[in-house]
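Protein chains in written order, with my numbering: chain W, 1 to 322; chain V, 1001 to 1322; chain B, 2001 to 2322; chain E, 3001 to 3322; chain Z, 4001 to 4322.
Right under this line is the structure:
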């Protein structure tokens, strides 16, 4: 679906265009066309391919989706694939794809399976003509920056989630729940990392060394995006590392808890085993058991049993088993 | 076994050739010969070596098999070894080998221990003469692309398998089965990674830097293959990482389950130990045990025992042990 | 808040300046202005941006904070972000930010959320005019050195903490406490590493290769800072590795302890089970149990029970179970 | 001990030489001398050092042994250290050392603590004069190839061993044995890896970049050896990784098994505790226990006990505890 | 404390010098001065700084100690920091520092907290004038070689220690001791690795690429030292890896042992529970229990109990639980 199609010159919008007038504006020097598609159909993509002279392989990638984030050059056209990451209503992560084709005189963005649009990007760009006049490369930066900035709240949410687990990891009886949450978190981090890391690697090529011509004038801006991606990547790595440790710690806590239960079990088993053994002795049917005939035999026996159990209880207590 | 032998010029097939006419066509400028062998014999390989002037070491490798995937240059001839990976009827992974020799005017593919053929590749290439006229390098790309594309369903199957394990990893009593499946999965991933990673490393040399002459014109295409391999490699690494975590989580779940069982055991042991100890006390044979003579002694005793056990049960319940 | 603003020439202070005279001194050759802000407001930053011609993106970073440590060049101006790390009164780590803008004729330091100031740095620099006359690059070094030197006591404190854990890791009954402390330590190390490692990577670019012009004359000094960061980074890695092992060892100790308790439990359970079983036998109500009538039956029985239990005790003792 | 000493020219043997004639042949252009020593004495090494002008440090290394595999250049002489790895009769790995000095007109191999000789290498080389005429560099390749090829059966044996462990890792009661075997395997893999990895790193320098002059003409051959080493290295890494997982899995299996035993223990303990408690109740000595006087009291009691136990048994069975 | 101060020319000693004559000899072409300090005071270091024109930062490092091993250039002076590692009488590792300043015409070694001196190095150097005439660079090599060679016995001792642990790791009841020893070993390896790895990295810069002028003529010698360091580094990595596995294996052994104890406990508990339950049955006070009146009731009952227990014992034995 076509969202938007407009021509720009010297930082200001010339006109909204119908698709069939694109080629007229492409000729005009100093002018560039900015087209936005969403959940594009085959027909639309083919039309765009013809208008802008896009490479077969790049269009294939945009059509099929399921690409890793990447930035490739086909001649003087830059083709970028980025992942959009959003929370679904049920708190699952949904991954969409944003493909951007950038030529000297055009930008084409194709967004699939993603709820978040780029109208804000366009509006802001149009309000800042001194920046927009840097041309298609700047628009590319603005789109990339928008995609990347939307990762921050996701990563923050994951960090908050992890802190939630950390708060209860040293509490008894939460192990099962913790491990499920940690595993779920680890999966989500994997999804975000899949979006961030390859894009970071790709973005680094826009900041130094041989930078594609359309991006060359905006190197500082791409370095800023690259910097954000580096930061996110470090955060994700730190998260992942912490989760690894937390899983280990959780296992340790379970084992510690089990060992405490074992000690208690041992202690109580010991105390009752003593009582039962004593009672068993005086329950034997020998004829000549003089204490059985004593008037105070019974209370003495019960007292002895109670005393022994009490002593054991006391010692177990002191040893920290009870 | 010879599968196919044909000469091409300007993107279209000239003729199917008997093997002994190969050398005639090799002279012809702008023409290349495409030969496909399957489970090749020594005689066939030696014949091909003579026809195309292949290097001893490369032919040795094709003959003996058991090579790592690689792409090597011998003079102006490129020699590639790739692994084919297929599921056997019993769901095991079967690894075959595809060797490709590419010279300026010929392509020779040798496929061993592999059920999947390349007739489809040839058919499609012949339907697209504008691509096929890029020459032997394009055929090399088409073969490589075919081999690599067949890894995708394998990796998908492994991912589905892992999801199956993940669904039951937090369920009680599945630990033994999970760990077996995870171990099996890890082994299979190792097999696929063995096919993918070295080929990825080798393919990267066809996309940038000093690219072999026969591949130079198809750099964008090889980058596409390289890109697929990078994506697969990342998927396999993610799978491997997830399996590692899943094994750890499975161990944690076993320990948690055991700790729950230990608590239950401790609780019930405690309850019955109390009952037995009480009964033991009143089973002692002292003469002077006044309560034994009371009319309501017995029901009172049983009641006391039941009440104590009930109290314990209640407390264990509240503590989450039962 | 403006802390300080002064102009220097040939290593000595010319004058403390009001902010609106900065531009006068910037013109003066061989002179540089050194401004220090703390918890800067938007107004102050905008003023400084105008005075010194700072890049939008750099000022954005200084304003928003939450940057990774980094050193960037915008034209001939170097922009550095560093983390200050301090212990809060409750022994938590507090991270602040120190941003430094260095131009050929000025240094601007902005310090946010940090209690530690740089007055000492300025005082020492003014006492050493032979060094200060190296210009703004040397001031940059001095600030960086001050920030980095303050990491050392933090790392020392963490090392001391870890040694405290190590001292009790092989003692019984400390496992729960150890694991909490190790987890806390690991988190803190992460915080410090976040400050150190990216700064180390950035600092390496000031010591070799294409060094920014303002730093070029102080290469040996920056190498010294880089060296400190390398050392810290190695210490932190070693700490982290040790913590990983300590967590593992702690788990092992818990398991060993549990296994010892299990053995003891097994041993005592065995001893009492034997006593109870014997007593149960002689508590049976068969009519023809001749030993029950023997005069010495009872003491003999008790003696036999005691002897058996003693024997068991002795053997368990020898086996190391008790 | 001198094994062999001969001069070659144009690919064919000129003569077997006594050691003191070596220098005569070294002068002769197009001729090279090939000397093989075994468990060399100091005297022999000193003699060779004088004949061939070897560097002090290299001769030191050959004399003392215990070197890592490496390939070094001393002027135009290449000095290589390789490890030979063999199984001892008791299935231990025995590491020997093969040092090779290669100059433009000589090859000197020194083999220590190794049972396997290189007579086969010499015989094959002499049968292939078209290859041997490549000179001393080709002999170096042939020796290296022979050493490296002998690693394959070792690695195969280790893989077979691991498969043996894998077959029983999911069987009950084999854990202790598995862990011992896995640990032993890991040690052996370390030994082989010690031989393979540094040699691989060293060999890579003979295939590309600035290749030593004596090896330059045989680059394709050294690439073949390098390729073998890469493959072995990958196999060893895969083995090591699998062993790591297998150790983890083995631990999981022990824990799973223990948890099954704990469940069984809990179940049977429960069943008998119930029986004992019931019997204890009716073993109490209260005077007014009417059921004790019933004619069918005893069978009813036994029946009740048996029924309760049966019910418990049934439920434990269904829960998978028994 | 000044240990030694002498001037050398053409490989032979000219004279032992008082410190104040150093400058005379520094002028003399072809001559170099070799000074050795031990536990140097501030005064001595300042004096040396003046004599040899050392850089402030390097002298600072030598004064404060606690540096990582490193090799730095200050102009044409090379400054090296190395760690000496020794066993204390109580078998702890003691780390000292050896700083070496090497200029074209002098060598200054400063050794702190280290018992081992370099008199042997000087003596050997003076006995080999053909080597010593390589100048100050060779002396630097000789000192470095001496420091590095002293790591070998330390590493050997650690390896022997680990073998000691390995011998008993599969024996029952040694787990606690093993884990303590493994943890201690790991710490010690960390200390040695701290000395070896950074020095290795630094030494690699003396063997290839842009080598400092004073070392350039002794490149082969420094490569030899580098080689030793590489070997040590590999040994330490292997040790560390083995310790990691050994800790894991030790944990497995504890778990296996515990699982065996649990089985035994379960088996004996089962046997006695059966005996007690039977005895309890016949200890009930029902009036109509005909077997109680049988003449052979008691022996039959005891026989039945014994038989049942025997049967259970037999079955547990067969199952490997006892």
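Ideal Cβ placement from N, Cα and C applies to all residues, glycine included.
Return the bridge partner residues of residue i from the DSSP annotation.
i	result
residue 4071 of chain Z	Z/4080
residue 4016 of chain Z	Z/4006
residue 103 of chain W	W/106
residue 4065 of chain Z	The partner list for residue 4065 of chain Z (beta bridge, DSSP) is empty, contrary to what the question assumes.
residue 4093 of chain Z	Z/4087
residue 1111 of chain V	V/1038 and V/1098
residue 33 of chain W	W/7 and W/106
Excluding the 5 residues flanking residue i on each side, which residues of the same chain have their C-beta closer than 6 Å to its C-beta?
i	result
residue 3168 of chain E	3174
residue 327 of chain W	Examination of residue 327 of chain W is not possible in this model, given that chain W is present from 1 through 322 alone.
residue 4129 of chain Z	4011 and 4012
Take residue i and list the residues in its own chain whose beta-carbon comes closer than 8 Å to its own, dropping the five residues that flank it on each side.
i	result
residue 3235 of chain E	3155 and 3159
residue 4243 of chain Z	4162, 4182, 4185, 4186 and 4189
residue 1004 of chain V	1016, 1034, 1035, 1036, 1119 and 1122
Are the CB atoms of residue j and residue i within a distance shorter than 7 Å?
i	j	result
residue 4120 of chain Z	residue 4097 of chain Z	no
residue 2 of chain W	residue 37 of chain W	yes
residue 3280 of chain E	residue 1279 of chain V	yes
residue 4078 of chain Z	residue 4085 of chain Z	no
residue 136 of chain W	residue 100 of chain W	no
residue 222 of chain W	residue 2180 of chain B	no
residue 22 of chain W	residue 51 of chain W	yes
residue 4123 of chain Z	residue 4132 of chain Z	no
Chain Z beta carbons: is any one of them nearer than 7 Å to that of residue i?
i	result
residue 3071 of chain E	no
residue 2231 of chain B	yes
residue 2144 of chain B	no
residue 3268 of chain E	yes
Please decide whether residue i counts as near chain B, where near means a Cβ-Cβ distance under 7 Å.
i	result
residue 4272 of chain Z	yes
residue 4293 of chain Z	yes
residue 4180 of chain Z	yes
Shorter than 7 Å from the beta carbon of residue i to some beta carbon of chain W?
i	result
residue 2282 of chain B	yes
residue 1011 of chain V	no
residue 2203 of chain B	no
residue 1255 of chain V	yes
Counting only the same chain and skipping the five closest in sequence on each side, list residues whose C-beta sits under 7 Å from that of residue i.
i	result
residue 2009 of chain B	2030 and 2031
residue 1309 of chain V	1271, 1274 and 1275
At least one CB of chain E closer than 7 Å to the CB of residue i: is that the case?
i	result
residue 1306 of chain V	no
residue 4288 of chain Z	yes
residue 4259 of chain Z	yes
Decide if residue i is buried, meaning its Cβ has at least 16 other Cβ atoms within 10 Å, or exposed.
i	result
residue 4260 of chain Z	buried
residue 4012 of chain Z	exposed
residue 2198 of chain B	buried
residue 2299 of chain B	exposed
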